[in-house]
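Participant: Quick note: the sequence shown uses this note's numbering, first residue 696, plus one each step.
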Amino acid sequence: MYYLFKMSTLCRIVANINLKGLYRSPMKRELRSFSTANTDDVSSVKNESNEPHSLYFWGTNQKGSIPTKDVLEEGRKGAVSGGLLDRGGVLIDHPVKIDLGDAFGNESISIRDVVCGPTATAIITSENTTFMVGENKCGQLGQGHKNDVLIPTLLSPPDSTPLHYNEIDNIVLGQNMSAIIDKNGELYTMGYNGSTMKEGVGCLGHGYFPEEYLTIPTLVKSLVEDGCKAQQVVVGNEHMTVLTDEGEVLVAGSGGYGRCGNLDPVDQLFLEPVELLESESDICQIAGGKDFSLALTKKDGIIFAWGRNHKGQCGTGSGLSVEMYAMEAMPVPIEGMLEGRKVVKIAAGYSHAVALTENGELFIWGMGTIHQPELVTALGDTKVKDFVCGQDYTIIVDEQGQLRSFGRGKTGVLGLASEKFAAEPTLVEGMIGKKVVKLSAGWKHVACLAEEVDH
């Protein structure tokens, strides 16, 4: 039956293939009323005390992405040859508390969220302002230039863009580009738009323009023209996936390796619907890694995956040969051990993904070793509240706000005061006595906000 389903979809898509760069067809809209809010993850935890949350980091400090005191001192002077910022990253294998006064010039600053990208970090305050720090070779940090940002710097868009510096709701950082959703649901992108001579073009979603880089947050006007609001956004290396407030999944960027999910390998210069998902009226969450994407339905808890699958990151089992060109050219439901189970939350890293079922079971796949979902059995009675994925590692938050990490620890990301591989979820002892309320994972570094409960 699945084969017939896939073939019928194939015929429909082929019949509707058109050039998706020079001309953008208006999107068909059908208003859907449902809530996609997830009240069960740590992101919904409110600060019940009057004290600001503490900020912790660990992993590999690249280009100032972890604002420790010594790195800040060097950053203020400017990177020097052979210095901390010129060594390819300083490894910190255990949680380190950041001095907020030193990093932001205000020790009582109230931080609402922290976001780790591949080689950069964004810190969002309770006033909805954002500080950026880290690698900026493509202008992806929105500072109007392509120089690395070595100390936390306020994102202050110029008057030429309608984005107000204190109306940022969410930000997602990528290797080459970044995306922002403001308080009005408008989407802004910045960074590298790709190249027709390399992996592909169009990931910023602005259609054709001669510049390869946009160094300030730029409004994606096509969504405004369609009267569409962005609810979630995920960025890969050469593509961007958006979930709208109407539950529609849109993709822009390179069509190679099935990234756009529409079978057609042609690059999409504008955000276009993933056609196979148009019949799914209740997509409630999206996630993605370097070259693949996931979408989760709310009612049945089914995950659809598409994109590159050479490391099993799509969870379909079709990458068993670890073939370099393995991919899913259009959304495919992830089955195997997840069949018959309702998934309520998903997360994705560089080349793997994790899913939580309504019964509290945690499944993992990808990384070139697991090609279909496998149950994480070592958790025992631990009740998972939230989880994040980085480059070949995963960190879990339990109901008490404690952390457990597992996977590859070479870059210090497990926070276990060791660089060894951890096969099973292991308690991060450096966070005992603290309740984690926000957690984010980049490729090689981790950050969290925590309440100090041991005093």
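Beta carbons are placed, not taken as given, at the ideal position from N, Cα and C, and that holds for glycine.
Being a predicted model, the structure only gives us computed values, none of them experimental.
(1) If you measure between the beta carbons of T1089 and I1059, is that distance less than 8 Å?
(2) For the putative contact between R1199 and G1061, defined by C-beta atoms under 8 Å, what is the C-beta separation to the nearest angstrom?
(3) Would you tell me roughly how many angstroms separate the C-alpha atoms of D1076 and D1093, rounded to the nearest one?
(4) Give a yes or no on contact between the stretch 869 to 877 and the stretch 887 to 904, applying the rule of three or more CB pairs nearer than 8 Å.
(5) Closest to G996 by C-alpha separation, out of E1030, Q963, K832 and V1071, would be which residue?
(6) If the criterion is Cβ atoms closer than 8 Å, does the pair D808 and K1133 meet it?
(7) Please state the DSSP three-state secondary structure of G837.
(8) Since F795 is in the alpha helix (DSSP H), which residue starts that stretch and which ends it?
(9) Cβ-heavy atom distance between T939 and the ligand NAD below 7 Å?
(10) Pick helix, strand or coil for V919, following the three-state DSSP scheme.
(11) Just to confirm, are D962 and G895 a CB contact at a threshold of 8 Å?
(12) In this structure, how does DSSP classify G972 when only helix, strand and coil are distinguished?
(13) Taking only the alpha-carbon atoms, compute the straight-line gap between E1034 and G1110 and give it to the nearest angstrom.
(14) Using beta-carbon positions only, say whether G956 and L971 come within less than 8 Å of one another.
(15) Which residues mark the beginning and the end of the alpha helix (DSSP H) in which L767 is found?
(16) Judging by CA-CA distance, which residue of S803, I793, L845 and V1148 is the nearest neighbour of F752?
(17) From this set, E862, D940 and E933, which residue's C-alpha is nearest V919's C-alpha?
(18) Rounded to a whole number of angstroms, what is the C-alpha to C-alpha distance between K1139 and K841?
(19) Buried or exposed for R1099, please, with buried defined as at least 16 other CB atoms from any protein chain shown within 10 angstroms of its CB.
(20) Sort P853, T848, K878 and L836 by Cα distance to T884 and report the nearest one.
(21) Would you mind reading off the limits of the beta strand (DSSP E) that contains C1084?
(22) Helix, strand or coil: how does DSSP classify E1146 here?
(23) In its own chain, which residues sit with a C-beta less than 7 Å from the C-beta of A1073, not counting the 5 before and 5 after it?
(24) Per DSSP, which residues does W1138 bridge with? Please list them.
(25) Tell me which residue opens and which closes the beta strand (DSSP E) that L1111 is part of.
(26) Assuming V1131 contacts V1108 under a Cβ cut-off of 8 Å, what Cβ separation, rounded to an integer in Å, is found between them?
(27) Pull up the DSSP beta-bridge partners for S1100, would you.
(28) Under the DSSP definition of a beta bridge, which residues are partnered with E1023?
(29) Check this for me: beta carbons of V1038 and W1001, under 8 Å apart or not?
(30) Hey, quick one: how far does the beta strand (DSSP E) through P790 stretch, first residue to last?
(31) Give the range of the beta strand (DSSP E) segment to which A1042 is assigned.
(32) Buried or exposed: where does P852 fall if 16 or more other Cβ atoms within 10 Å of its Cβ makes it buried?
(33) Taking I1127 as part of the beta strand (DSSP E), name the residues at either end of that continuous run.
(34) Since T824 contacts P912 with CB under 8 Å, what's their CB separation in whole angstroms?
(35) Taking Cβ positions, are G1125 and H1066 nearer each other than 8 Å?
(36) According to DSSP, is V1132 part of a helix, a strand, or is it coil?
Facilitator: Taking the geometry as given:
(1) Numbered from 1 along the sequence shown, position 394 holds the residue referred to as residue 1089. Numbered from 1 along the sequence shown, position 364 holds the residue referred to as residue 1059. Yes, they are a contact pair.
(2) Here the chain has residues from 696 to 1150 only, and residue 1199 is not among them.
(3) For the purposes of this step, residue 1076 is taken as the residue at position 381 of the sequence shown. For the purposes of this step, residue 1093 is taken as the residue at position 398 of the sequence shown. D1076 and D1093: Cα-Cα distance of roughly 10 Å.
(4) yes
(5) As a first step, residue 996 is located in the sequence shown; it is residue number 301 there, counting from the start. Nearest option by C-alpha distance: E1030.
(6) Locating residue 808 in the sequence shown gives position 113, counting from the first residue. Locating residue 1133 in the sequence shown gives position 438, counting from the first residue. Their beta carbons are under 8 Å apart, which means D808 touches K1133 by this criterion.
(7) Translated into the one-based positions of the sequence shown, residue 837 becomes position 142. Looking at G837 - three-state DSSP - the assignment turns out to be coil, as it is neither helix nor strand.
(8) The residue given as residue 795 occupies position 100 in the sequence shown. A small correction: the amino acid at residue 795 is Leu; Phe does not occupy that position in the sequence shown. Run containing L795: L795 to F799, per the alpha helix (DSSP H) assignment.
(9) Absence of the ligand NAD is noted for the structure shown, with no ligands found whatsoever.
(10) Numbered from its first residue, the sequence shown carries residue 919 at position 224. Helix, per DSSP.
(11) As a first step, residue 962 must be located in the sequence shown, where it is residue number 267. As a first step, residue 895 must be located in the sequence shown, where it is residue number 200. Yes, the pair counts as a contact, with Cβ atoms nearer than the cut-off.
(12) Counting from 1 along the sequence shown, the entry for residue 972 is found at position 277. Going by the sequence as given, residue 972 is Leu instead of Gly. L972: helix per DSSP, three-state reduction.
(13) Here residue 1034 refers to the residue found at position 339 when the sequence shown is read from its first residue. Here residue 1110 refers to the residue found at position 415 when the sequence shown is read from its first residue. Roughly 34 Å between the two C-alpha positions.
(14) Here residue 956 refers to the residue found at position 261 of the sequence shown. Here residue 971 refers to the residue found at position 276 of the sequence shown. Yes.
(15) As a working mapping, residue 767 is identified with position 72 in the sequence shown. Taken as a continuous stretch (DSSP letters only), the alpha helix (DSSP H) holding L767 covers K764 to K772.
(16) Taking the first residue of the sequence shown as position 1, residue 752 is located at position 57. Checking every option, the nearest Cα to that of F752 belongs to I793.
(17) Position 224 of the sequence shown, counting from 1, holds the residue named residue 919. Minimum Cα distance to V919 is reached at D940.
(18) Numbered from its first residue, the sequence shown carries residue 1139 at position 444. Numbered from its first residue, the sequence shown carries residue 841 at position 146. Cα to Cα, the separation comes out at about 21 Å.
(19) Taking the sequence shown and counting its residues from 1, the one referred to as residue 1099 is at position 404. Result: buried.
(20) If you number the sequence shown from 1, residue 884 lands on position 189. T884 has its Cα closest to that of L836, out of P853, T848, K878 and L836.
(21) Taking the first residue of the sequence shown as position 1, residue 1084 is located at position 389. It spans V1079 to C1084 - the beta strand (DSSP E) in which C1084 sits, taken as one unbroken run.
(22) For this step, residue 1146 is matched to residue 451 along the sequence shown. Note: E1146 maps to strand in three-state DSSP.
(23) Locating residue 1073 in the sequence shown gives position 378, counting from the first residue. E1119 and P1120, listed in sequence order.
(24) The residue labelled residue 1138 in the question sits at position 443 within the sequence shown. For W1138, which the question treats as bridged, DSSP gives no partner whatsoever.
(25) Here residue 1111 corresponds to residue number 416 of the sequence shown, with the count starting at 1. No beta strand (DSSP E) contains L1111, which DSSP labels as neither H nor E.
(26) For the purposes of this step, residue 1131 is taken as the residue at position 436 of the sequence shown. For the purposes of this step, residue 1108 is taken as the residue at position 413 of the sequence shown. About 15 Å separates the two Cβ atoms, so there is no contact after all.
(27) The count along the sequence shown starts at 1 and reaches residue 1100 at position 405. BP columns for S1100 point to I1090 and T1121.
(28) As a position in the sequence shown, residue 1023 is number 328, starting the count at 1. E1023 is bridged to G1002.
(29) Residue mapping note: residue 1038 aligns to position 343 of the sequence shown, counting from 1. Residue mapping note: residue 1001 aligns to position 306 of the sequence shown, counting from 1. It is not a contact, given that the beta carbons lie outside the stated cut-off.
(30) Position 95 of the sequence shown, counted from the first residue, corresponds to residue 790. V785 to K792 is the extent of the beta strand (DSSP E) around P790.
(31) As a position in the sequence shown, residue 1042 is number 347, starting the count at 1. Note, A1042: beta strand (DSSP E), V1038 to A1043.
(32) Taking the first residue of the sequence shown as position 1, residue 852 is located at position 157. Buried, by the Cβ-count rule.
(33) For the purposes of this step, residue 1127 is identified with residue 432 of the sequence shown, where counting begins at 1. Here I1127 belongs to no beta strand (DSSP E), and DSSP marks it neither H nor E.
(34) By one-based count along the sequence shown, residue 824 stands at place 129. By one-based count along the sequence shown, residue 912 stands at place 217. With 8 Å as the limit, T824 and P912 do not qualify as a contact, their Cβ atoms being about 13 Å apart.
(35) If you number the sequence shown from 1, residue 1125 lands on position 430. If you number the sequence shown from 1, residue 1066 lands on position 371. Contact: no.
(36) Position 437 of the sequence shown, counted from the first residue, corresponds to residue 1132. Annotated three-state conformation of V1132 is strand, per DSSP.
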